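Position in the sequence shown (first residue = 1) + 26 = our numbering. Note that beta-carbon positions come from the ideal geometry of N, C-alpha and C, so glycine has one too. Fair warning: this is a prediction, and the values are worked out from it, not measured in the lab. These notes concern the structure reproduced below.
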Amino acid sequence: VVPAELHAALGPTIGPCCYEVGDEVVAALERLGEPGRASIQHRPGQRDHADLRRVNRALLIAAGMNPAQIHLVGGCTACATDFPCHSFRRDRAAAGRQLSVVGWR
27 VVPAELHAAL
37 GPTIGPCCYE
47 VGDEVVAALE
57 RLGEPGRASI
67 QHRPGQRDHA
77 DLRRVNRALL
87 IAAGMNPAQI
97 HLVGGCTACA
107 TDFPCHSFRR
117 DRAAAGRQLS
127 VVGWR
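Here it is as structure tokens:
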């Protein structure tokens, strides 16, 4: 498979606005190098936050994917109200589940 010929869709996920992370996640992201470090948001007086879309998009580009063929779908599952996605962090035990379907053309 030639990475430049692929398309990727990064679906709805918790956004950096809401994704608080601990030291263990920060350490794991830092081990990824620049893509991981760039996704960490240090906020004075608060826990660190992470941007999962940013790090995953950067890793796909580093693997040879064409940036124009990486599609971002949806917003933050924890706080966005403009689309119906489930969020365990928001809804806890009442959270539903999400399903993605991948197919060939």
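In this structure, the CA atom of residue 127 is about 12 Å from the CA atom of residue 36.
Assignment of beta-bridge partners to residue 74 by DSSP yields 47. Between the region 33-52 and the region 99-106 there are three or more C-beta pairs closer than 8 Å, enough to call the two in contact. With contact defined as three or more Cβ pairs closer than 8 Å, the region 51-58 and the region 111-129 are not in contact. Around the C-beta of residue 107, fewer than 16 other C-beta atoms lie within 10 Å, and the residue is accordingly described as exposed. Taking C-beta separations shorter than 8 Å and ignoring five residues to either side along the sequence, the partners of residue 73 in its chain run 46, 47, 48, following chain order.
With fewer than 16 other Cβ atoms from the protein chains shown falling within 10 Å of its own Cβ, residue 33 counts as exposed. Relative to residue 83, the option among 75, 65, 70, 111 whose CA is nearest is 65. By alpha-carbon distance to residue 43, the top candidate from 92, 77, 93 is 77.
Per the DSSP secondary-structure output, residue 103 pairs with nothing in a beta bridge. Closest in C-alpha terms to residue 27, from the list 51, 68, 79, 90, comes 90.
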